[in-house]
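*Asks:* Here you go, one structure.
Residue numbers (the UniProt record's numbering): 1 to 105.
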């Protein structure tokens, strides 16, 4: 899950969660809740954390799913993802919507 990737980058940064919280403006409690799956994260929160960790937000999501470099029909793959969205919770759909909206601006 992307939360594990976020936690890994926090550990690799040689900064404490307190330092990440201070630099990003995201409370330590919120960071802990996100990592421990007790709270979802908004795109804005992820942007702040990624900026502080000096990683692109896409890094959180790169290691999951298909090997996108080898996709021959991106539209078909995107359609499959849309079909899978029917089984997702509203919070997950909101995150997908925010990501797609940011990309398509």
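Glycine is no exception: its CB is placed at the ideal position from the N, C-alpha and C atoms.
Note down, in chain order, each residue of its chain lying with its Cβ closer than 7 Å to the Cβ of residue 91, except the 5 sequence neighbours on either side.
*Replies:* 40, listed in sequence order.
*Asks:* So, do the region 54 to 62 and the region 77 to 96 have three or more beta carbon pairs nearer to each other than 8 Å?
*Replies:* No, the region 54 to 62 is not in contact with the region 77 to 96.
*Asks:* Around the C-beta of residue 78, are 16 or more other C-beta atoms found within 10 angstroms, so that it is buried, or is it exposed?
*Replies:* Burial call: exposed.
*Asks:* Can you determine whether any heavy atom of the ligand NAD sits closer than 7 Å to the C-beta of residue 32, and answer yes or no?
*Replies:* Among the components modelled here there is no ligand, and therefore nothing to report on the ligand NAD.
*Asks:* Could you check which residue in 87, 3, 105 and 45 has the C-alpha nearest to that of residue 37?
*Replies:* Measuring from the Cα of residue 37, the nearest candidate turns out to be 3.
*Asks:* Within the same chain, show all residues whose beta-carbon is closer than 6 Å to that of residue 7, passing over the 5 residues directly before and after it, in chain order.
*Replies:* For residue 7, where only same-chain residues beyond five positions count, the Cβ hits under 6 Å are 35.
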